[in-house]
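In short: position in the sequence shown from 1, add 270, done, that's this note's numbering. Backbone N, C-alpha and C define an ideal beta-carbon position, used for all residues, glycine too. No experiment lies behind these values; they were computed from the predicted model shown. What follows is one structure encoded as structure tokens, with my remarks underneath.
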Amino acid sequence: MGGPRSNLTYHPPEIRRRVYQLHYEGRTGAEIVADPEVAESIRRTGYRLHGNTLTAAWRSDDYQEYRRRREETEQRIGNARWAAEALRDTAGIGSVADMAQMALLEQLRELAEKGGGDPAELLKLTTAVTRIKAADSDERNARLTRQLEELKRLREAAEAEHRSREAELEAKLAEKEKQLSELEKL
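Below, the structure written as structure tokens:
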């Protein structure tokens with residue numbers, strides 16, 4: 271059988287994970303013990319978490335596994351976040367072209383992490399990839415602006431035609447009223 275049990279092992283698994291999480295996030299032993307969930311578990315179980323207990327916990331296989339999984343998760347999330355941040359100013363993912371751009375940015379990030387390539391060149395490539403989206407957006411904005419101007423022109427022409435027709439009808443109405451007035455005099 272193994273050696274003596276750590277006081278942490280007497281706490282429920284969710285509390286052990288909470289302790290690991292707080293330590294992983296950089297909290298001190300005092301901050302961990304003061305955490306409301308941890309403090310409640312200490313009160314409930316009666317097993318205190320002192321410096322030696324926590325030091326042993328950080329060396330345990332259980333914590334090492336927790337840390338490994340957190341790092342893997344953060345790596346996966348970080349990979350997507352890096353490319354997404356580069357696209358953030360250009361409205362994010364919205365098309366197949368955006369997804370291809372995201373994949374290119376991901377490959378550039380991996381290349382940068384592996385130390386392959388000149389950092390200045392990688393920055394130039396990243397900037398070029400993000401400008402693809404900006405150029406597409408600029409073209410779309412220009413097209414929409416042209417369409418809007420055309421619609422305004424058509425509306426103004428229709429309004430002018432309407433005013434002309436209205437004036438014509440008012441003139442006819444005035445003529446009819448004049449004729450009616452002359453007929454009433456007879």
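- Buried versus exposed, by CB contacts within 10 Å (16 or more), residue 375: buried
- Touching by the beta-carbon criterion (3+ pairs, under 8 Å), the segment 405-418 and the segment 387-397: no
- So, do the segment 307-317 and the segment 328-337 have three or more beta carbon pairs nearer to each other than 8 Å? no
- Task: Please go through the segment 295-324 and give each complete alpha helix (DSSP H) segment of 4 or more residues, from N-terminal end onward.
- Result: 299-304 and 306-315
- Message: Check this for me: beta carbons of residue 285 and residue 301, under 9 Å apart or not?
- Response: no
- Query: For residue 368, which of helix, strand or coil comes out of DSSP?
  - Reply: helix
- Mapping DSSP to helix, strand and coil, what is residue 283? helix
- Query: From residue 441 to residue 411, what distance separates their C-alpha atoms?
  - Reply: 44 Å
- Query: What is the rounded straight-line gap between the Cα of residue 278 and the Cα of residue 327?
  - Reply: 7 Å
- DSSP three-state call for residue 385: helix, strand or coil? coil
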